[in-house]
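**Student:** First the structure, then my questions, so here it is.
This is the structure we're talking about:
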């Protein structure tokens, strides 16, 4: 991308995006036409190229991002004050398959991973304590600190207790969703060993939960029910953890084909640059990984609204198309059942950064999954079954969605951001800045700067650097959230509390 003051993303667009702050009275030349800016317009925001009547659609990324609230003149700053979403309720969809072939060669790349007993591969060698219920969070945290102190992390990467507030006082599908996410965490290959820590009287009954794990490594995954232990449960738990540690510390990294890598695609604190720098960069990586036989997952279903037909038509089969329709309409019905509109998604930070409607956000958000066909659709709490690009049901909330991606089996999460965020979930959570200013200001948060695409570096130049960076993190280089110790989980709550 050549360095310039503005960008017209698609030939059909009726707006350009300012790549720097521009002043009223400045003139830009677009498709042979001179446009004079009518207002000061911040970087990342949109300038209208043609007059629009009230109610007429405004086009960006080649698709409508809403309609004009009033008559607008060419050169006007288009923002949430004069642009309104077209989104309403659920829709009926028609399958019009578009299967674009990825012209990307196989490179036979590898990363350094841990091959587990069942053949699965992890990118970290950690010991985790997973509470079945929030009542034992305090015990879990105490045990994690004690094991870390005893072992000094000799031979392992980290010890973590994944505290949460659930596992009891939940019913039906809400309760089952919690159990599935906790099951997925216990079985995740980034864990060299897991202590499942239970109270004993919770709805998430410990013996039933362990049966839910299926065929697991009983030397590496152990259960302690604290109500069944006479006296102080700490020493009993520490005996179990020490046994797990003795096995875990002997694990070694080895070369693993990149086809084994599973990566989650997420964005948060998005801005007007997200859809033109960091998200397309993630999309290029996703396509590259899929072409190598690997796997990527796109989630944040509410942030697909307005771009969903693009994903639906990329589904490999009619069955996957129908599953994607359900994914979209079920989430719309979830909003509507609470009396909430389906299009009120952009946050104050999104709007300040140049995103005006949910369609504007969604069309930029879905850039993260590139052009690959959709080969799998997952419900919340499901574990990956299919290589290639998958869609996952989860909300847009950053920590809930990132947790869901990791629980589905992702080894790490690629997280693009224009405003910046420090958090991480229970797998490495790499932050990719959409602009260089953010990267320079918050290097303690950001792993990679996609803002270089605006500064003059081409996508062809940047993609190999990004691939190398992701594989380095998969091979053990800590992501910034790991360096900072910012790691936690959040489970989607969708039901009554007893």
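In this note's numbering, the protein residues as written are 113 to 610.
Don't be surprised by glycine CBs; every beta carbon is placed ideally from N, CA and C.
Report buried or exposed for residue 435, applying the criterion of at least 16 other Cβ atoms within 10 angstroms of its Cβ.
**Tutor:** It is buried - the Cβ of residue 435 has at least 16 other Cβ atoms within 10 Å.
**Student:** If we count Cβ pairs, one from each stretch, closer than 8 Å, do we get three or more for the segment 400–420 versus the segment 471–490?
**Tutor:** Yes: at least three Cβ pairs fall under 8 Å.
**Student:** Looking at C-alpha atoms only, which residue of 387, 117 and 271 is the closest neighbour of residue 562?
**Tutor:** Nearest C-alpha to residue 562: 387.
**Student:** Run the CB neighbour count on residue 468, radius 10 Å, all protein chains shown included, and call it buried at 16 or more, exposed below.
**Tutor:** Buried is the call here.
**Student:** Span of the beta strand (DSSP E) holding residue 225?
**Tutor:** Taken as a continuous stretch (DSSP letters only), the beta strand (DSSP E) holding residue 225 covers 222–227.
**Student:** Counting along the chain, where does the alpha helix (DSSP H) carrying residue 134 start and finish?
**Tutor:** Careful: residue 134 lies outside any alpha helix (DSSP H) and carries neither H nor E.
**Student:** When the Cα atoms are used, what is the spatial distance from residue 576 to residue 553?
**Tutor:** Whole-angstrom Cα-Cα distance: 25 Å.
**Student:** Identify the continuous alpha helix (DSSP H) that holds residue 268 and give its terminal residues.
**Tutor:** Segment: none, residue 268 is in no alpha helix (DSSP H) and carries neither H nor E.
**Student:** Using 8 Å as the threshold, is the C-beta distance between residue 365 and residue 508 below it?
**Tutor:** Going by C-beta atoms, residue 365 is not nearer than 8 Å to residue 508.
**Student:** Counting only runs that start and end within the segment 282–355, where is the alpha helix (DSSP H) found for 4 or more residues in a row?
**Tutor:** Taking only runs of at least 4 residues, the alpha helix (DSSP H) segments lying wholly in the segment 282–355 are 284–298 and 318–324.
**Student:** What residue from 359, 475 and 324 has the CA that sits closest to residue 412's CA?
**Tutor:** If we check each option's Cα against that of residue 412, 475 comes out closest.
**Student:** Could you tell me whether the Cβ atoms of residue 152 and residue 184 are closer together than 8 Å?
**Tutor:** No, Cβ-Cβ distance for residue 152 and residue 184 is not below 8 Å.
**Student:** Would you mind reading off the limits of the alpha helix (DSSP H) that contains residue 596?
**Tutor:** Counting along the chain, the alpha helix (DSSP H) containing residue 596 begins and ends at 592–596.
**Student:** If you check the beta carbons only, do residue 514 and residue 378 fall under 8 Å apart?
**Tutor:** Yes, these two residues count as a Cβ contact at 8 Å.
**Student:** Considering only residues of the segment 138–165, which uninterrupted beta strand (DSSP E) runs meet the minimum length of 3 residues and lie entirely inside it, listed in chain order?
**Tutor:** Runs of the beta strand (DSSP E) inside the segment 138–165: 139–142, 145–148 and 158–160.
**Student:** Could you give the residue range of the alpha helix (DSSP H) that holds residue 511?
**Tutor:** Per DSSP, residue 511 belongs to the alpha helix (DSSP H) from 510–520.
**Student:** Do residue 255 and the ligand GDP come close, with the Cβ less than 7 Å from some heavy atom?
**Tutor:** The ligand GDP is absent from the structure shown, which contains no ligand whatsoever.
**Student:** Between which residues of its own chain and residue 603 is the CB-CB distance below 6 Å, once the five residues before and five after are set aside?
**Tutor:** Cβ neighbours of residue 603 beyond the five flanking positions: 276, 278, 290 and 293.
**Student:** Could you please give the first and the last residue of the uninterrupted alpha helix (DSSP H) stretch that includes residue 423?
**Tutor:** Its alpha helix (DSSP H) spans residues 420–424.
**Student:** If the criterion is Cβ atoms closer than 8 Å, does the pair residue 353 and residue 325 meet it?
**Tutor:** Their beta carbons are not under 8 Å apart, which means residue 353 does not touch residue 325 by this criterion.
**Student:** Would you mind working out which of 335, 131, 156 and 124 sits nearest residue 117, comparing C-alpha positions?
**Tutor:** Answer by Cα proximity: 131.
**Student:** Using only the alpha-carbon positions, how far apart do residue 579 and residue 544 sit?
**Tutor:** Rounded to whole angstroms, residue 579 to residue 544 spans 13 Å at the Cα level.
**Student:** Count the other CB atoms within 10 Å of the CB of residue 123; is the residue buried (16 or more) or exposed (fewer)?
**Tutor:** Per the 10 Å Cβ criterion, exposed.
**Student:** Would you decide whether residue 114 is buried or exposed? Buried here means 16 or more other CB atoms lie within 10 Å of its CB.
**Tutor:** Only weak support exists for where residue 114 lies, its pLDDT of 45 falling under 50; the value from the coordinates is given anyway. Exposed, by the Cβ-count rule.
**Student:** Three or more C-beta pairs under 8 Å: does that hold for the segment 435–454 against the segment 198–209?
**Tutor:** Enough Cβ pairs lie closer than 8 Å, so yes.
**Student:** Among 274, 128 and 282, which has the Cα closest to the Cα of residue 295?
**Tutor:** With distances taken between Cα atoms, residue 295 lies closest to 274.
**Student:** The alpha helix (DSSP H) spanning residue 612 covers which residue range?
**Tutor:** No information on residue 612 is available, as it lies outside the stretch 113 to 610 that the chain covers here.
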